[in-house]
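The block underneath contains the structure these notes are about, expressed in structure tokens.
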Ligand SMILES: Nc1ncnc2c1ncn2[C@@H]1O[C@H](COP(=O)(O)OP(=O)(O)OP(=O)(O)O)[C@@H](O)[C@H]1O
Ligand SMILES: Nc1ncnc2c1ncn2[C@@H]1O[C@H](COP(=O)(O)OP(=O)(O)OP(=O)(O)O)[C@@H](O)[C@H]1O
Ligand SMILES: [Mg+2]
Ligand SMILES: [Mg+2]
């Protein structure tokens, strides 16, 4: 098998909660709680889950935009959590991120030229004219025109801004791009433009994506493999066909059944989950999903299920599949 | 809640220590020898040296500071060089006088400011709004002392409607209990006197309260406008509530959250501004106490006076913070 | 018709701003029948919210103003009703819930306080009785621990719970019509499923008509009987849910449906409508969708098409429906 | 695409456009420009000097000869007023610049480096802010001795924590902005992030605060002048002019009214501009 | 002349909680009146610009304090109502020995203090010893009490070389004897000063260092309450030694710092007497019905001093030139609105030995320029002009004076830079001689010329009150002789001579003697402002 480009082992990110008279740490938000997966070069790994389940934190921890609390992140075989700040800075050429909010992720006081040109500058392209040329090239790649370079972000529509964000991410020919919900803020009709663009770019530049989203159909559309997160944990991870056709984890099943589809012919057996997602500051013991799980057993409230392969490359964290590997 | 208050109090400790250090240093950096001031133009060098000795002025700086801290911890603010009285007891009537003035100034500022702000927001872009906001802008641009002089000139001198100075009818002084004269006269059930005392409060309160009033009015207006745009106000309207309920119940409480902070800050500003107003209206308050002390180089009074004012200011802000949390249930303690 | 509860005809709401006059809602007409769930779909900025707010005269004014048209509620024109009359309608005859459950409740009052207020505005009952009614309503929408919840503040509840509270509040005076402006957009899928379920239940059990505003065609498929599609302030297509989703007539509707990634079935490269969503703009000539339309021809840029009646209450705003161009439209559909 | 029709407008141009539409701001600018011109060309307006005494013509009411009357030393009030504009504008400028420079430095340091640096700087701000400002200014001037320079210094000092806190809070909130995180993700160094991304985006509130600060500084200087702790005679500082004329309010009200109105107008001018800028720069007004 | 039965009328001290100030809380009810119900008749409100510092007269030199203590306490002697002529007070008679070293006083009998204890010779002795001896049990030196006026007037304190009082002998209850170690020409004059008023020894015992807030004397009014920076209330002392006095029931001293406000209050009738009228307002007051304008006689002078030991002011020509350059009349007219006379001597007219023959330096810029040229400064010179930061009766607006002086000097080619210092550093630095030109003044307290001439110009006072650093041995000798002489004519002659010399040497520009103006309502009768700035209100009446 091919050497993975990225390998995440036991990644954890706990945010401290301060309180009490002296403002001591009184608890932690377990935003990401022991997540492991691998990404192969050239593939698109989708990550889905409900709001607050830790998708963004996972993405940002991988890039060390948030310092992970624990765990290992290996990029091309090197554990980058041990890198110093200068090493890390250099590495950022190869690992990029696209943010959810195209409005917030562009500096409102910089022109598009500056926004896209700056990463070039900091990674060594000193010549102004060279940068200018490259910026125009990039703009065309993402479907904008060269004359857009002198504009400011607020003069663009959401979709166009997201294109600028993508151009910025592409500037230094990265190997891996983490896409944190890149289309969820966009209009439906524009969303497909961006999805198509991203696919084209992947093919053209042989990129690898981690594609984070909460929209199951979008993830399904673009990914090769999909991981499902619940309350800071990865509960299921496998090829997309397998996941959508025969989901194994009860949460995945419920999730898939709950998605309304624009097709009156599909009559679904809805699994309506009771209650809300528990707080990550105080996750249930054992399996985090047992409080809402229709198949919950005694063991579920006591022992945290292992995240393990049930079938070939089909990882699930659920006691229902204990001993089926 | 209690933990929050305790935490805030603990956080105050470094601030308080810093404050004592500053007041102490300020006072000791002021040029001029208090012994010289006490003895005046006619003093001999020897007499001055003797007095310095007795007053402990030639101890090393940090020894003096340490002694000062120890005394403070025992509630001892020192002894006034000028009156030779215990500052901790002498200062109380001054604080009461300032408190009364500040209270009424703030009352004026809040009542007028908040309502003007509300009506302005309600009738946005009406002529009332325009005039009120213009007035508020002029209000914040006006020097307090000038306003005080103008008031005194017009209302006391030219029109003779209101008394020009002081806290009460000087011919007929009140028997002070709390030194808050309005309260005292009510305790005595002497309503005629309460009326006179209130009359004395009008001009200085307006002079002192105008700037905060203008600031509060502007703040209330913008805060109200902001709140009025919010989703929950739309919800209330969708429920079929009338405008009055919308404004005075739902919008006001939310809009007051930032306003309360401003009120707290302004109260502190008032305490400072009181120095000017108190001098002009012969108000025997703590601002004037400190100001006179500066002229007199009354070290202990300057240092304690500034410290006490700053302390009150800090306490008001603490109180406001707590109130703030009470108004806004979202905030966790 | 007897059972028409709400009928908008030619409703235009404009905003008068520094940037000029914005026709956010432009001659919108549709009906809601008794017991029916009507969906209004359209992308962001297409005028859905403004339409719904116009019905209850909740448009922020200034800058907004209903410039023409009528809103007939049980025969009465709400566009001309006085504020006093509107107060009695709002929350009583017609209730409304909003997209953002996080911000739609007043953060500084308890749930009970806000619900009681909603109840007592329209019903002369004691405070205690109102509290009881509130608890009863909360139970109806499936909120556990309703007795405690009434004493809690909005921030202590999750998004789904808040949306239920909003629904409970809206339902507390038995309205004939419930307007829901994107009630589930801010919620997670599993929670959305709960809320949609609840709305269906209300529609079935209380026979409340629902005007559901959404941009999610999936939601429409799930719950609506009929659908109105909006684009740039105008209605571009109307029909039953099945008709719209299975046999869209307007190029925009077609494009929209084709550009959605599917959860089921094989996926292929997504269709995409070029360009960006048009904002409503005064004095725009031609079809609003023309710049993005792959079928656009000369006329589309010169005149704005009207809604063509396609029979059975189906309507579509496209010149392709004129006889001459009829076939081309057919072509386009079969091509999908 | 519609966006194509729009030319590239920088946020600054945009602000300027907004500002031009704001009638109050225009009035403010007019007032301030008027006073600036008056200050620059002071000697052209008058044939007197500001310290020229004429004891025979003490306390004269306004007349053709003395446009705004004379003060208790027979000096022409109009002349003093005109020269006083120099003092007031200078006070505002120097005090605000001083406070701005030091406040920004401290604020950026505290906000960006956090931890104990932030702790110490923030506590210093807290302590300074724990004193009512005018009181602190009085105390500082009392240490240094009354003079215009010292009053300026005191006003600058009491304004430092105001700017400092503002900048610090901007820096802290910007640190969490996605575009700052994006900059970090591009591999930019701290210095670049501070100077290219954080500071330019903090400028709007700083400008607003500076403009309003001009007004407050002038008021504070006047208050110190009034207490005899600011500019010293015969400097025609407005607050000090008020203090001088205070005893003559009944005999010669103009001596008191005129400087007061001047102070008010200038401060009003700055406040109008500040308000206008706030509206123009408020990001909420956009989109 | 009055009953000696010591006890106060018990009715008076009812309801004392009401008027209690903080320090009098210890059950002392004497002197605390019922709540102020006696509004209207018999209540006089006297408004001034600042509060008293201390109501213990010996421990302060503050005029605002004397003004009040004058009503509450009395000394052995006092002054006539409008001059420094002595008249009896607690001592009805006195004798001076030939050599001027022994003074015997015969005290009034049957006088009681306000606390009911009897006044006697022992009380006098206790008071004088308290002032003289820092170790005395009532000296309260540890609390910062200093009796500087005593030190100044009697040559120092116990054990010091110049201290003139050798011993004090109580002959009997009503006869007391002061033995001096050297004659002091103005010894009796000193005893008339309000600073040397007698406090009840019982009160000293009772209040200790808080005596400054609880004065107990034998005066016409007794102390009731003191609200700092606001008001001091005194009530009629029913058992006052003089029958029929005081005529008022109550006196309230009110603090109103703002001149304009004080005048407004007078107009509206809120107050009866105002001190510190702005001279510019005098004309208005005079013209107004219902208000009276009063003046105090001249008892002070303001001056521009020279540091005679510093370049270029060590040259007498320069000093004289400056003297000619300054337009004193203009200052008197502009600043004092005419309520001042230009001065030619550092002694107010009417004082013993005032030399009217001294020729004044008139305003003569040409002469000034001439003299400057003579001294070698034909091209002008630069000089510092120090100006005092506080107003005093002799100098109600020093800032303005300095500006006028600056202007005058400019006319003769002297470029004066105004130097401003806070009051304390000002006094310190001028003592140390850091200054060149400086503005200051002097007010009389005991009506004796020595207090003016020696303090300001005697060589031995360089480093204390002589800030001109003027030392002329001839002048010193004259002054010393005058101080020791007891014959007043002889003294007068010596002083006149000294003034002649001083004028020639020109160590200072004597500017003006001011006549401070005051205003009262027309209801106030028998109020006579005293040159010392404090006067007894015993005779004052209010009539409608
Ligand atoms: N800086 C932070 N401090 C404390 N808690 C945080 C912080 N950032 C995130 N969290 C918490 O961590 C959890 C996971 O957050 P995260 O943003 O990763 O979720 P997400 O899956 O991306 O959600 P969404 O779909 O809303 O973007 C949440 O409960 C969030 O409240
Ligand atoms: N207060 C307002 N002032 C000016 N224009 C407004 C205002 N509110 C709405 N509009 C304009 O009206 C148009 C329609 O807005 P509306 O809120 O109805 O869209 P929507 O379909 O509800 O979109 P979304 O899906 O984003 O909620 C928009 O183009 C918007 O610019
Ligand atoms: Mg996220
Ligand atoms: Mg909407």
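Residue numbers (the numbering used here), protein chains in the order written: chain X, 1 to 325; chain Z, 326 to 658; chain U, 659 to 994; chain W, 995 to 1281; chain G, 1282 to 1825.
Beta carbons are placed, not taken as given, at the ideal position from N, Cα and C, and that holds for glycine.
Handout entry: Reduced DSSP secondary structure (H/G/I, E/B, other) of residue 1314 of chain G
Key = Residue confidence for residue 1314 of chain G is low, a pLDDT of 40 falling below 50, so the modelled location carries little weight; the figure read from the coordinates is stated next. Reduced to three states, the DSSP call for residue 1314 of chain G is coil.
Handout entry: Range covered by the alpha helix (DSSP H) that runs through residue 196 of chain X
Key = 188-205
Exercise for the section: Consider the C-beta atom of residue 3 of chain X and the heavy atoms of ligand 4; say whether any pair is separated by less than 7 Å. Expected result: no
Practice task
Output yes or no for whether 8 Å exceeds the beta carbon distance between residue 587 of chain Z and residue 1120 of chain W.
Solution key: no
Practice task
Report the residues of the segment 290-313 of chain X with a CB closer than 7 Å to any CB of chain U, ordered along the chain.
Solution key: none
Exercise for the section: Kindly list, in the order they appear in chain X, the residues whose Cβ is closer than 7 Å to that of residue 1171 of chain W. Expected result: 104
Exercise for the section: Examine the Cβ distances between the segment 1-16 of chain X and the segment 69-87 of chain X and report whether three or more of them are shorter than 8 Å. Expected result: yes
Handout entry: Complete runs of the beta strand (DSSP E) confined to the segment 817-883 of chain U [at least 3 residues]
Key = 835-839 and 867-872
Exercise for the section: With 7 Å as the C-beta to C-beta threshold (strictly closer), list the residues of the segment 45-70 of chain X near chain W in chain order. Expected result: 63 and 65
Handout entry: Span separating the alpha-carbon of residue 296 of chain X from that of residue 877 of chain U
Key = 29 Å
Exercise for the section: Have a look at G/1499, G/1503, G/1535 and G/1522 and flag the residue whose alpha-carbon is nearest the alpha-carbon of residue 1513 of chain G. Expected result: G/1535
Handout entry: As assigned by DSSP and simplified to three states, the class of residue 448 of chain Z
Key = coil
Exercise for the section: Just mark residue 18 of chain X as buried or exposed, buried being the case when its beta carbon has 16 or more other beta carbons within 10 Å. Expected result: exposed
Practice task
Give, in chain order, every residue of the segment 461-474 of chain Z whose Cβ lies closer than 9 Å to some Cβ of chain W.
Solution key: 462, 463, 465, 466, 467, 468, 469, 470, 471, 472 and 474
Practice task
Could you name the residues of the same chain whose beta carbon sits closer than 6 Å to that of residue 1615 of chain G, not counting the 5 residues immediately before and after it, in chain order?
Solution key: none
Practice task
Identify the continuous alpha helix (DSSP H) that holds residue 1233 of chain W and give its terminal residues.
Solution key: 1232-1239
Handout entry: Beta-carbon proximity list for residue 674 of chain Z, same chain, < 6 Å, skipping 5 on both sides
Key = This structure does not reach residue 674 of chain Z, given that chain Z is present from 326 up to 658, and the question cannot be answered.
Exercise for the section: Just grab the DSSP bridge partners of residue 666 of chain U for me. Expected result: U/688 and U/729
Practice task
Check residue 78 of chain X in the structure and name its three-state DSSP category.
Solution key: strand
Handout entry: Chain-ordered neighbours of residue 1537 of chain G on chain W, where CB pairs are closer than 7 Å
Key = Those within 7 Å of residue 1537 of chain G in chain W number zero; the least Cβ separation is about 13 Å.
Handout entry: Contacts that residue 787 of chain U makes with chain Z (C-beta to C-beta distance below 9 Å)
Key = The premise fails here: residue 787 of chain U is roughly 18 Å from chain Z at the closest Cβ pair, so nothing lies under 9 Å.
Problem - Contiguous alpha helix (DSSP H) assignments of at least 4 residues, all confined to the segment 230-277 of chain X - result: 240-245 and 250-258
Exercise for the section: Just the chain W side, please: which residues come within less than 8 Å of residue 638 of chain Z by C-beta, in chain order? Expected result: 1124, 1125 and 1126
Problem - Any non-hydrogen atom of ligand 3 within 7 Å of residue 56 of chain X CB - result: yes
Exercise for the section: Determine which residues of the segment 1671-1705 of chain G have a Cβ less than 9 Å from any Cβ of chain W, and write them out in chain order. Expected result: 1678, 1680, 1681, 1683, 1684, 1685, 1687, 1688, 1699, 1701, 1702 and 1703
Practice task
Pick out the complete alpha helix (DSSP H) segments inside the segment 1404-1439 of chain G, 4 residues or longer, and give them in chain order.
Solution key: 1429-1434
Practice task
Please name the residue or residues paired with residue 679 of chain U in a DSSP beta bridge.
Solution key: U/674
Practice task
Could you tell me which of G/1354, G/1748, G/1758 and G/1584 sits nearest to residue 1481 of chain G, measuring between CA atoms?
Solution key: G/1354
Handout entry: Reduced DSSP category for residue 1511 of chain G - H, G, I as helix; E, B as strand; rest coil
Key = coil
Practice task
Assuming residue 419 of chain Z contacts residue 625 of chain Z (C-beta within less than 8 Å), just tell me the rounded distance between them.
Solution key: Actually they do not touch by this definition, with Cβ atoms about 14 Å apart.
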